[in-house]
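Numbering (the numbering used here), first residue to last: 7 to 265. In what follows, a single structure is set out as structure tokens and then discussed.
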């Protein structure tokens, strides 16, 4: 695969993009970029099912399996994904209710209780990835304007931001649930850039979603940085070419000298 600028992604410093242009702003994703959002999900579902489904005579492991299958189906539809992520607690309740129904134990009240228990366990488990606060501090010290651009439920996203004291690092925060539209819609990136006062060619977008955080921004002229936390590389069928691939957000503060 040919990468923009002819250099392998990991060889390019953050401060300059292809053509030697200096970075003037950075747009940053939240979930699974700064915040370990997906870590411990299966464990949280299991503990929630053990706490509430077990006493109701339902095998917790069996319900977790049904929930996992339902989650894959539920989030696989782009339209449903866009609609349902506006209220994650409601979405988790619907997923759980569907899973209970598959087991012949339909119970809306139980589903809501399991979803609420799961949600609270998630809040306890979510943490910033190692080095994230220090990396953000460094970027601020270097004078790089920062915008957070995150999809999802406004209440949940704002709670994450407040819980981890992230607002202080950013010049602007764009939340899908507040704006009424989210990534990969062009208006979202343009709004963030306008608030920072920079052109697309002078900015980078970094995140873990190849479509939302790399491809869509690249179409506007931004550089796209993909966070490949598992280190599995680009999917074989992927035609997207990130300008840079990193395993963790703090890698962005490395320059050519490795400082």
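Each residue gets a CB set at the ideal place from its N, CA and C atoms; glycine is no exception. Computed from a predicted structure; not experimentally measured.
**Report entry** Every unbroken beta strand (DSSP E) within the stretch 171-207, with a cutoff of 3 residues, ordered by chain
**Finding:** 178-181
**Report entry** Residue range of the unbroken alpha helix (DSSP H) whose run includes residue 94
**Finding:** Here residue 94 is taken as the residue at index 88 of the chain shown, counted from 1. Taken as a continuous stretch (DSSP letters only), the alpha helix (DSSP H) holding residue 94 covers 94-108.
Query raised in the report: Between 158, 170 and 242, which lies nearest to residue 92 when the distance is taken from Cα to Cα?
Result: Start at 1 with the first residue of the chain shown, and residue 92 comes out as number 86. Taking only the C-alpha atoms, the option nearest residue 92 is 158.
Report task. Specify, as a first and last residue, the run of the alpha helix (DSSP H) that residue 153 falls within. Result -> Taking the first residue of the chain shown as 1, we reach residue 153 at position 147. No alpha helix (DSSP H) contains residue 153, which is instead part of the beta strand (DSSP E) from 152-156.
Requested in this report: Excluding the 5 residues preceding and the 5 following residue 90 in the sequence, name in chain order all residues of the same chain whose CB lies nearer than 6 Å to its CB.
Outcome: In the chain shown, the residue the question calls residue 90 occupies position 84. Taken in chain order, the residues that qualify are 97.
Requested in this report: Give, in chain order, every unbroken run of the alpha helix (DSSP H) that is at least 4 residues long and sits entirely within the stretch 218-248.
Outcome: 222-226
Query raised in the report: Based on the DSSP output, what are the partners of residue 34 in its beta bridges?
Result: In the chain shown, counting from the first residue as 1, residue 34 sits at position 28. For residue 34, which the question treats as bridged, DSSP gives the partners 154 and 212.
Query - Beta-bridge partners of residue 250, as assigned by DSSP - result: The residue labelled residue 250 in the question sits at position 244 within the chain shown. Partner(s): 231.
Requested in this report: Starting from residue 133, follow its DSSP beta bridges and name the residues at the other end.
Outcome: By one-based count along the chain shown, residue 133 stands at place 127. Beta-bridge pairing links residue 133 to 42.
Query raised in the report: Between 258, 213 and 230, which lies nearest to residue 248 when the distance is taken from Cα to Cα?
Result: Translated into the one-based positions of the chain shown, residue 248 becomes position 242. For the residues 258, 213 and 230, the minimum Cα distance to residue 248 belongs to 230.
Query raised in the report: residue 52 lies in the alpha helix (DSSP H); which residues open and close that run?
Result: In the chain shown, residue 52 corresponds to position 46, counting from 1. Run containing residue 52: 47-58, per the alpha helix (DSSP H) assignment.
Query - Buried versus exposed, by CB contacts within 10 Å (16 or more), residue 238 - result: On the chain shown, position 232 is the one that residue 238 refers to. By the neighbour-count rule (16 or more Cβ atoms within 10 Å), residue 238 is not buried but exposed.
Report task. Note the first and the last residue of the continuous alpha helix (DSSP H) segment covering residue 146. Result -> Residue mapping note: residue 146 aligns to position 140 of the chain shown, counting from 1. Its alpha helix (DSSP H) spans residues 138-147.
Query raised in the report: What's the gap between the Cα of residue 235 and the Cα of residue 46?
Result: Here the question's residue 235 lines up with position 229 in the chain shown. Here the question's residue 46 lines up with position 40 in the chain shown. If I take the Cα positions, the gap works out to 15 Å.
Query - Cβ-based neighbour list, residue 118, same chain, cut-off 7 Å, excluding 5 preceding and 5 following - result: Counting from 1 along the chain shown, the entry for residue 118 is found at position 112. Closer than 7 Å at Cβ, skipping near neighbours: 99.
**Report entry** Simplified DSSP state of residue 64, which is helix, strand or coil
**Finding:** Along the chain shown, read from residue 1 onward, the residue named residue 64 stands at position 58. Coil at residue 64, not helix or strand.
Report task. Could you tell me the boundaries of the alpha helix (DSSP H) in which residue 167 lies? Result -> By 1-based counting over the chain shown, the position of residue 167 is 161. Element bounds for residue 167: 160-169.
Requested in this report: Consult DSSP for residue 112 and reduce its assignment to one of helix, strand or coil.
Outcome: As a position in the chain shown, residue 112 is number 106, starting the count at 1. Three-state result, residue 112: coil.
Query raised in the report: So, using beta-carbon positions, are residue 30 and residue 208 closer together than 8 Å?
Result: Taking the first residue of the chain shown as position 1, residue 30 is located at position 24. Taking the first residue of the chain shown as position 1, residue 208 is located at position 202. Yes. Within cutoff.
Query raised in the report: So which of 151, 165, 106 and 75 has the shortest CA-CA distance to residue 210?
Result: The sequence position of residue 210 within the chain shown is 204, counting from 1. Considering only alpha carbons, the answer is 151.
Query raised in the report: Where does residue 61 land, buried or exposed, given buried means 16+ other C-beta within 10 angstroms?
Result: Mapped onto the chain shown, residue 61 falls at position 55. Burial call: exposed.
Report task. Can you have a look at residue 204 and say buried or exposed, based on whether 16 or more other CB atoms are within 10 angstroms of its CB? Result -> Taking the chain shown and counting its residues from 1, one reaches residue 204 at position 198. Residue 204 comes out buried.
Report task. Could you round the C-beta distance between residue 165 and residue 50 to whole angstroms and report it? I think they count as a contact, below 8 Å. Result -> The sequence position of residue 165 within the chain shown is 159, counting from 1. The sequence position of residue 50 within the chain shown is 44, counting from 1. Their Cβ separation, rounded to whole angstroms, is 16 Å, which puts residue 165 and residue 50 out of contact at 8 Å.
Query raised in the report: Within this structure, are the beta carbons of residue 183 and residue 160 separated by less than 8 Å?
Result: Stepping through the chain shown from its first residue, residue 183 is reached at position 177. Stepping through the chain shown from its first residue, residue 160 is reached at position 154. In contact: residue 183 and residue 160 (Cβ atoms closer than 8 Å).
Requested in this report: Give the single residue among 105, 108, 252 and 77 whose Cα lies nearest to the Cα of residue 94.
Outcome: Reading the chain shown from its first residue, position 88 is the one you call residue 94. Closest option to residue 94, Cα to Cα, is 77.
Query raised in the report: Expressed to the nearest angstrom, what Euclidean distance is found between the alpha-carbon atoms of residue 103 and residue 226?
Result: For the purposes of this step, residue 103 is taken as the residue at position 97 of the chain shown. For the purposes of this step, residue 226 is taken as the residue at position 220 of the chain shown. Cα to Cα, residue 103 sits roughly 40 Å from residue 226.
Query raised in the report: Who are the near neighbours of residue 57 in its chain, counting only those whose CB is closer than 7 Å to its CB and skipping five residues on each side?
Result: Position 51 of the chain shown holds residue 57. 123.
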